[in-house]
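A.B. asks: Dumping the structure here so I can ask a few things about it.
In the numbering used here, the protein residues as written are 59 to 614.
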């Protein structure tokens with residue numbers, strides 16, 4: 059999965075960490091396959107090498123939307139898909155592309171051909187063998203116009219995909235395509251199951267079968283998704299026997315459950331990281347981590363709405379938002395201002411693009427220039443008799459975003475703009491409002507691909523329902539540069555293009571870029587084998603383990 063929209067974090071897919079919690083003692087009675095026993099004090103050492111057993115209980119405020127990989131566009135779905143499926147390639151701990159379902163590959167004709175040599179002996183979770191037919195099937199669905207996948211943009215430059223034999227495929231591109239190799243990190247799907255399925259109605263969306271380290275076991279709506287270790291996994295059986303993804307849409311409740319040791323990991327809020335976990339209990343029972351996220355939070359606008367189609371108005375809205383105050387008071391300093399579509403850790407980031415200042419007076423001037431004035435003296439801006447008012451959407455359970463919404467509401471009201479805040483449950487927020495473009499403004503976050511290709515998010519062609527340019531941004535020069543950047547392999551030449559894109563997009567202010575937050579996962583101390591790396595901490599989850607005396611849950 060490349061880009062996901064939730065600020066719910068998942069430590070495993072380096073898309074973001076995890077949230078979760080509530081009354082585990084009562085709730086555990088719904089899991090007859092698992093028992094529970096007291097865990098040993100984590101201060102004691104029982105090292106003796108990795109052993110099998112125990113369960114990892116993740117927590118999230120969001121429920122998955124769809125577990126068909128090419129339709130999974132939110133981070134909750136991505137958290138599960140990332141454990142159940144594999145792509146042909148993946149990123150290792152050093153953010154280098156390595157083989158996954160492909161053992162190796164050859165790039166020929168200056169990138170116009172890639173030959174993938176697939177692993178032999180890999181089986182789907184139902185026992186059927188994985189072959190080249192599954193790769194061809196996945197590609198065909200990615201380019202099928204009847205399938206509402208947001209990931210098709212990565213495969214538009216493919217001229218054709220050829221099966222050379224059951225374990226070799228050749229990809230031929232119409233023209234050089236620099237993100238081509240990385241794009242084959244897309245999860246491969248089983249042809250024998252989905253071949254005759256309608257992707258919009260398939261039960262596979264809630265009962266997936268993959269090749270990954272964990273098998274899907276069950277999904278109880280509003281409560282949990284349960285996975286079990288794949289003993290036949292081609293990279294070796296995971297040491298942790300079960301993965302339980304619990305769903306509770308409230309950050310405060312998640313934290314209470316963390317304190318009760320009912321969840322093993324979640325993504326801490328800045329307040330939780332700075333203050334609420336700085337005590338003896340948490341220092342003894344958990345390990346905290348901090349590293350920059352590869353994504354950003356922003357305020358998006360519906361650019362088809364005449365009020366937001368004028369870039370002067372969008373710039374005014376940004377000038378009136380004190381982004382540094384958000385970082386200082388809401389993030390408690392655990393983040394940086396965002397200046398556009400690339401984060402500081404990306405090689406495409408342009409350091410000369412500086413954030414707009416906090417300047418309410420200039421904001422007022424631009425609004426007046428755009429035709430918004432208080433003509434009747436009631437304190438509110440109006441134009442042709444209509445007040446400047448709109449609704450700002452935020453997703454339920456994310457306290458940071460709610461606080462940000464309240465702060466910007468006050469700032470914009472000082473300008474004379476009426477703003478109503480509406481909080482919506484996550485699944486409905488995405489499917490009923492964002493995907494269908496039934497919004498005026500919203501607060502969301504992007505988790506970005508390591509390759510800086512901007513096509514799926516910013517190209518003007520990617521505005522269909524379910525695609526990622528839901529704000530409907532259009533700039534012909536931006537389109538041309540995005541297309542050019544995809545045709546060049548030389549990183550220095552690409553960097554020049556992306557620096558120009560960074561400048562253009564930030565100048566247009568299609569949204570108010572807010573901040574790049576630090577990722578703040580916390581993990582129970584009984585888990586061993588965690589090795590922080592440039593890509594995060596979850597890349598080697600199948601190697602995590604719990605010493606026998608400290609194992610908390612009895613699993614097969």
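Where a beta carbon is used, it is the ideal one built from N, C-alpha and C, also for glycine. Since the structure is predicted, the reported quantities are computational estimates derived from the model, not experimental observations.
1) Buried or exposed, going by whether 16 or more other CB atoms sit within 10 Å of the CB of residue 307?
2) Counting only the same chain and skipping the five closest in sequence on each side, list residues whose C-beta sits under 7 angstroms from that of residue 112.
3) Can you tell me which of the three DSSP states residue 658 falls into?
4) Let me check understanding here. Comparing Cα to Cα, which of 602, 412, 333, 268 lies closest to residue 585?
5) Any contact between the stretch 340-350 and the stretch 484-497? By contact I mean 3 or more CB pairs, one from each, below 8 angstroms.
6) With a threshold of 8 angstroms on Cβ separation, who are the neighbours of residue 214 within its own chain once the five nearest residues in sequence on each side are excluded?
7) To test your reading of the DSSP string, which unbroken alpha helix (DSSP H) runs of 4 or more residues are found completely within the stretch 404-428?
8) DSSP three-state call for residue 579: helix, strand or coil?
9) Quick one: using the 10 Å Cβ neighbour count with 16 as the cut-off for buried, is residue 243 buried or exposed?
10) Taking only runs that begin and end inside the stretch 312-359, name each unbroken alpha helix (DSSP H) of 4 or more residues, in chain order.
11) Going by C-alpha to C-alpha distance, which of 481, 578, 294, 305 sits closest to residue 281?
12) Helix, strand or coil: which one does DSSP assign to residue 187?
13) Quick check on DSSP: helix, strand or coil for residue 266?
14) Rounded to whole angstroms, how far is the Cβ of residue 555 from the Cβ of residue 542, which I believe are closer than 8 angstroms?
15) Does DSSP classify residue 479 as helix, strand or coil?
16) Let me confirm a value: residue 405 is counted as buried when at least 16 other C-beta atoms fall within 10 Å, else exposed. Which label applies?
17) Looking only at its chain, what residues have a beta carbon closer than 8 angstroms to the beta carbon of residue 515, apart from the 5 residues adjacent to it on each side?
18) Going by alpha carbons, who is nearest to residue 454 out of 483, 436, 110?
19) Are residue 416 and residue 570 close, meaning C-beta to C-beta below 8 angstroms?
20) Using the beta-carbon count (16 or more within 10 Å), is residue 337 buried or exposed?
21) For residue 366, report the span of its alpha helix (DSSP H) as first-last.
22) What does a CB cutoff of less than 7 angstroms around residue 294 pick up in its chain, not counting 5 residues either side in sequence?
23) So, using beta-carbon positions, are residue 249 and residue 191 closer together than 8 angstroms?
24) Along the beta strand (DSSP E) that carries residue 272, what are the first and last residues, could you check?
25) To which residues of the same chain is residue 425 closer than 7 angstroms at the C-beta, ignoring the five residues directly before and after it?
26) Is it true that the CB of residue 264 sits closer than 8 angstroms to the CB of residue 125?
27) What is the DSSP secondary structure of residue 243, reduced to helix, strand or coil?
28) Within a Cβ cutoff of 6 angstroms, which residues of the same chain sit near residue 57, ignoring the five residues on either side of it in sequence?
29) Please classify residue 362 as buried or exposed, where buried requires at least 16 neighbouring CB atoms within 10 angstroms.
30) Mind checking which residues open and close the beta strand (DSSP E) that includes residue 231?
31) Please report the distance separating the alpha-carbon of residue 220 from that of residue 529.
32) Would you call the CB atoms of residue 513 and residue 136 closer than 8 angstroms?
33) Sorted by chain position, which residues of the same chain lie with C-beta nearer than 8 angstroms to residue 520's C-beta, five sequence neighbours on each side aside?
34) For residue 123 and residue 283, what's the separation of their Cα atoms in angstroms?
35) How many angstroms separate the CA atom of residue 158 from the CA atom of residue 469?
36) Using DSSP bridges, identify the partner residues of residue 569.
C.D. replies: The answer reads as follows:
1) buried
2) 298, 299, 604, 609, 610, 611, 613
3) In this structure the chain extends from 59 to 614, so residue 658 is not present and cannot be described.
4) 602
5) no
6) 201
7) 418-427
8) strand
9) buried
10) 338-343
11) 305
12) strand
13) coil
14) 6 angstroms
15) strand
16) exposed
17) 61, 399, 504, 526, 527
18) 483
19) no
20) exposed
21) 364-367
22) 600
23) yes
24) 272-278
25) 371, 374, 439, 473
26) yes
27) coil
28) Because the chain in this structure spans residues 59 to 614, residue 57 falls outside the shown range and cannot be described.
29) exposed
30) 226-231
31) 36 angstroms
32) no
33) 208, 211, 513, 514, 526, 527
34) 12 angstroms
35) 49 angstroms
36) 358
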